[in-house]
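Enquirer: Numbering that gives the first Met the number 0 numbers the first residue of the sequence shown as 0 and each following residue consecutively.
Heads up, the beta-carbon is just placed ideally off N, CA and C, and yes, glycines get one too.
Keep in mind that this is a model prediction, so the values were computed, not measured.
Questions regarding the structure given below will be posed in turn.
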Amino acid sequence: MNRSPTIRDVAKRAGVAVSTASLALNGKPYVSRETRFKVLQAAEELGYHPHTLAKNLADGRTRNLGLITPISLEHLFASAGFFSCLIRGMHRAAAEHGYNLSLHIAESEDEAVSRVRAAIRGRSVDGLIITNPTVTCPYLRDLKRHRIPFVFIGRPSEEATYVDNDNVEVSRIGVRHLIECGHSRIAFLNGPAQFTFCVDRLLGYRAALAEAGLSHDEDLVWSSDLTEGAAYQVVWELAPRHQFTALFAGSDVQAVGAIRALQAQGFRVPQDVAVVCVNNTDLTRHFIPSLTAVDLHEYWLGYWAVKRLVQTIDGEKTEHPVLIPGELVVRESCGCQPEPQAEGGDGAGAPTRIKPKRNSHQGG
0 MNRSPTIRDV
10 AKRAGVAVST
20 ASLALNGKPY
30 VSRETRFKVL
40 QAAEELGYHP
50 HTLAKNLADG
60 RTRNLGLITP
70 ISLEHLFASA
80 GFFSCLIRGM
90 HRAAAEHGYN
100 LSLHIAESED
110 EAVSRVRAAI
120 RGRSVDGLII
130 TNPTVTCPYL
140 RDLKRHRIPF
150 VFIGRPSEEA
160 TYVDNDNVEV
170 SRIGVRHLIE
180 CGHSRIAFLN
190 GPAQFTFCVD
200 RLLGYRAALA
210 EAGLSHDEDL
220 VWSSDLTEGA
230 AYQVVWELAP
240 RHQFTALFAG
250 SDVQAVGAIR
260 ALQAQGFRVP
270 QDVAVVCVNN
280 TDLTRHFIPS
290 LTAVDLHEYW
300 LGYWAVKRLV
310 QTIDGEKTEH
320 PVLIPGELVV
330 RESCGCQPEP
340 QAEGGDGAGA
350 PTRIKPKRNS
360 HQGG
């Protein structure tokens, strides 16, 4: 009769000591990434499953992490490119540390509060990662009061551990590029003001104009939900009323809606209106024209969010935020693409990556 595989079998197959295999499977430090993956692969091939209940009783942990996304399903599906990459990064870091990751969608702030409270009551997770913090952030008080480890992806309105981009600088990068391409009348299609990243990006938009000696026209500051349809409607209504030669969009999805509205009204992109957006996804690469975008490196946002959460669970100090720098990827939609320094080819539309002039600080 076939017996169940043991940790000794895993160690033998991976070519490591039993103690090393144990460290790798339990997400402990002092194991290289290569060794950890080798052990995890061996465990998967053998069908090895550690006695989770016994281990949980021993260290008081569930080895589960919860991801709460307080956004609508429409927003989540519209931004699938961003969130799939974000979650891949989270999954990799969770696997490296021996944790499972569960996703909880909350379509309103009230539902997010309920999700957080359910996790606290049930003690079903060792810690929580929460995306898209809002200005009010109503669940923050519960998290702090019950001392459950948590990390935000996005800057919270109060002091808390978080991983994010420097969203002021993200806007600066995009708007500065349009200014360097000769534009001075630049519209900004932002997201909802309830999100802190939208608040910060508006500051960056204004700062880039001010640094170039340009006055900003509040009539050119627009806002829509983070969906293609909402962006289309706003630009359809407002574009004919104002004079502008460039548009900075707060997301790739908004940029697509904006461009389709502009084209429906006879504007050519980039000949009549240059467009730069935030989020470098498959959508920006394959849309026609291909979209110049500020890459948020969302894979690493997810990866570092889990790393920070595990550090918090382990009692390590995580006082400083981790800020991932944005990076400009120049394509066709801005109309000012430099001679391509080939990134996978020398044909038309080959993207050019431009490193930010001022790097964001990455907290340690």
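1) Compute the Euclidean distance between the alpha carbons of Ile67 and Gly126, then round it to the nearest angstrom.
2) My understanding is that Ala257 touches Val274, with C-beta atoms under 8 Å, so please give their C-beta distance in whole angstroms.
3) Go ahead and pull the three-state DSSP assignment for Cys84.
4) Alpha helix (DSSP H) containing Thr34: first to last residue?
5) Looking at the strands, I want to know which residues DSSP matches up with Trp221.
6) Excluding five sequence neighbours on each side, which residues of the same chain lie with their C-beta closer than 6 Å to the C-beta of Asn279?
7) Could you work out which residue in Arg171, Gly14 and Pro137 is closest to Ala209 when comparing CA atoms only?
8) I need the DSSP call for Leu290, collapsed to helix, strand or coil.
9) Using 8 Å as the Cβ pair cut-off and three pairs as the minimum, do the region 222–232 and the region 191–206 touch?
10) What are the boundary residues of the beta strand (DSSP E) that Cys276 is part of?
11) Kindly give me the distance between the Cβ atoms of Leu322 and Asp165, rounded to whole angstroms, as I take these residues to be in contact under 8 Å.
12) Taking 8 Å as the threshold, find out whether the region 139–147 comes into contact with the region 93–103 through three or more Cβ pairs.
13) Mapping the DSSP letters down to three states, classify Pro324 as helix, strand or coil.
14) Would the beta-carbon of Gly203 fall within 8 Å of that of Val169?
15) Taking 8 Å as the cut-off, decide whether the C-beta atoms of Ala42 and Tyr302 are in contact.
16) Let me check understanding here. Comparing Cα to Cα, which of Thr244, Ile128 and Trp221 lies closest to Ala334?
17) What are the residues that DSSP puts in a beta bridge with Gly65?
18) Where Val309 and Thr5 are concerned, what is the direct C-alpha to C-alpha distance, given to the nearest angstrom?
19) What are the start and end residues of the beta strand (DSSP E) that includes Tyr161?
20) Please name the residue in Thr133, Glu157, His74 and Gly65 whose C-alpha comes closest to that of Ala117.
21) In this structure, how does DSSP classify Met0 when only helix, strand and coil are distinguished?
22) Leu246 bridges to which residues according to DSSP?
23) Counting Cβ pairs closer than 8 Å, one from the region 14–22 and one from the region 71–86, do we hit at least three?
24) Assign Phe76 to one of two classes, buried (16 or more other C-beta atoms within 10 Å of its C-beta) or exposed (fewer than that).
25) Restricting to Cα atoms, I'd like to know which of Ser3, Phe82 and Ala94 is closest to Lys412.
26) By alpha-carbon positions, which one of Thr283, Leu45, Leu246 and Ala238 ends up nearest to Gln264?
27) Kindly indicate the opening and closing residues of the alpha helix (DSSP H) around Phe196.
28) Out of curiosity, what's the CA-to-CA distance linking Phe82 and Gly249?
29) According to DSSP, is Thr226 helix, strand or coil?
30) Please classify Glu342 as buried or exposed, where buried requires at least 16 neighbouring CB atoms within 10 angstroms.
31) Counting only the same chain and skipping the five closest in sequence on each side, list residues whose C-beta sits under 6 Å from that of Val233.
32) Using the Cβ count rule (16 or more neighbours within 10 Å means buried), how would you classify Ile70?
Expert: If we stick to the structure as given:
1) Going by C-alpha positions, Ile67 is about 11 Å away from Gly126.
2) At roughly 7 Å, the Cβ-Cβ gap stays under 8 Å, so Ala257 and Val274 are in contact.
3) Cys84 carries a helical assignment under DSSP once its states are collapsed to helix, strand and coil.
4) Per DSSP, Thr34 belongs to the alpha helix (DSSP H) from Arg32 to Leu45.
5) Answer is Leu188.
6) Ala292, Asp294 and Val328.
7) Checked all of Arg171, Gly14 and Pro137; the closest Cα to Ala209 is Arg171.
8) In this structure, Leu290 counts as coil in the three-state DSSP scheme.
9) Between the region 222–232 and the region 191–206 there are three or more C-beta pairs closer than 8 Å, enough to call the two in contact.
10) First-last of the beta strand (DSSP E) with Cys276: Ala273 to Val277.
11) Correct: roughly 5 Å between the Cβ atoms.
12) Taking 8 Å as the limit for Cβ pairs, the verdict is that the region 93–103 does not touch the region 139–147.
13) Secondary structure at Pro324: coil, using DSSP grouped into helix, strand and coil.
14) At a Cβ-Cβ threshold of 8 Å, Gly203 and Val169 count as neighbours.
15) With respect to the 8 Å criterion, Ala42 and Tyr302 are not classified as neighbours on the basis of their beta carbons.
16) Strictly speaking, residue 334 in this sequence is Gly, with Ala absent from that position. Of the candidates Thr244, Ile128 and Trp221, the one whose C-alpha sits nearest the C-alpha of Gly334 is Thr244.
17) DSSP output for Gly65 lists Ser101 and Leu127 as bridge partner(s).
18) Taking the straight line from one Cα to the other gives about 26 Å.
19) Residue range Tyr161 to Asn164 is occupied by the beta strand (DSSP E) that includes Tyr161.
20) Relative to Ala117, the option among Thr133, Glu157, His74 and Gly65 whose CA is nearest is Gly65.
21) Confidence at Met0 is low in this model, with a pLDDT of 39, below 50, so the placement of that residue should be treated as unreliable; the coordinate-derived value is given next. Here Met0 sits in coil by DSSP.
22) According to DSSP, Leu246 bridges with Ala186 and Val274.
23) When Cβ pairs closer than 8 Å are counted between the two stretches, the region 14–22 is seen not to touch the region 71–86, the count staying below three.
24) By the Cβ neighbour-count rule, Phe76 is exposed, with fewer than 16 other Cβ atoms within 10 Å of its own.
25) Here the chain has residues from 0 to 363 only, and residue 412 is not among them.
26) If we check each option's Cα against that of Gln264, Ala238 comes out closest.
27) Membership of Phe196 in the alpha helix (DSSP H) is indicated by the continuous run Thr195 to Glu210.
28) Near 15 Å, if we compare the C-alpha coordinates of Gly249 and Phe82.
29) Shown here, Thr226 sits in coil according to DSSP, grouped into three states, outside any helix or strand.
30) In this predicted model, Glu342 has a pLDDT of only 44, less than 50, meaning its place in the structure is not dependable enough to derive any value.
31) Within the same chain, Val233 has close Cβ partners Trp221 and Ser223.
32) Classification of Ile70: buried, given that the 10 Å Cβ count is 16 or more.
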